[in-house]
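Numbering (my numbering), first residue to last: 85 to 253.
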């Protein structure tokens, strides 16, 4: 397993800076991100299981079209969306985009890649827990990054209507 914690912490630092730049308080973010209060947002921005959904939604809320990190890893997220519903649709498209093309099996990864490998790479206990987490509303950033790396993708893009999400590593 590669420790992606430094990447998560760098992303959280960048998101806090974007919130400050955009004048979005923790209280302002709680409602659109479906959190109970501002302390929930504060915890979100320090925990290792930062979700990719929340990352995208914070970018939309702050009107941040791209986040580029160069340390500790090269990582870039570009989002073209203006509503939380569009962010949700992009996340749904991302979830589906990793499956083996031409299959009707919902959870099937491309040949040569298993959920057990994804679990091992991303630090999950089992392939079943990694697969389940991929579909939860709080899919961790490190699972998204880990799975895309295992797929050998240095760039991954999904579109949904006029919205798009591009991840570059």
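Glycine residues also receive a C-beta, built at the ideal position from the N, C-alpha and C atoms.
Q: Just the C-alpha distance for residue 158 and residue 228, rounded to the nearest angstrom, thanks.
A: The straight-line gap separating the alpha-carbon atoms of residue 158 and residue 228 is approximately 15 Å.
Q | residue 197 versus residue 232: straight-line alpha-carbon distance, rounded | A | The alpha-carbon atoms of residue 197 and residue 232 are separated by roughly 11 Å.
Q: In angstroms with no decimal places, state the Cα-to-Cα distance between residue 177 and residue 230.
A: One Cα belongs to residue 177, the other to residue 230, and the distance between them is close to 17 Å.
Q.
Quick check on the burial criterion: 16 or more other C-beta atoms within 10 angstroms. Buried or exposed for residue 141?
A. Under this definition residue 141 is a buried residue.
Q: Using three-state DSSP, classify residue 228 as helix, strand or coil.
A: In the structure shown, residue 228 sits in a helix (DSSP, three-state: H, G or I).
Q: Please name the residue, chosen from 89, 115, 126, 90, that lies closest to residue 104 on a Cα-to-Cα basis.
A: With distances taken between Cα atoms, residue 104 lies closest to 126.
Q. What whole-angstrom Cβ distance do residue 225 and residue 181 have, given they're in contact under 8 Å?
A. In fact, because the Cβ distance is near 16 Å, the residues do not count as touching under 8 Å.
Q | CA-to-CA distance, residue 220 to residue 202, given in whole angstroms | A | Approximately 16 Å between the Cα atoms of the pair.
Q: Kindly list the residues whose CB is nearer than 6 Å to the CB of residue 240, restricted to its own chain and excluding five residues on each side of it in sequence; keep chain order.
A: Here the set comprises 232, 251.
Q. Can you find at least 3 beta carbon pairs, one from the segment 183 to 193 and one from the segment 153 to 170, that sit closer than 8 Å?
A. Contact fails: fewer than three Cβ-Cβ distances are below 8 Å.
Q. Applying the criterion that 16 or more other CB atoms from any shown protein chain within 10 Å of the CB defines a buried residue, is residue 206 buried or exposed?
A. With 16 or more other Cβ atoms within 10 Å, it is buried.
(Q) Just to confirm, is the Cβ distance from residue 93 to residue 153 under 8 Å? (A) No, the Cβ-Cβ distance between residue 93 and residue 153 is not below 8 Å.
Q: On the DSSP bridge assignment, give the partners of residue 153 in chain order.
A: According to DSSP, residue 153 bridges with 159.
**Q.** Three-state secondary structure (DSSP) of residue 235
**A.** If DSSP states are grouped into helix, strand and coil, residue 235 belongs with coil.
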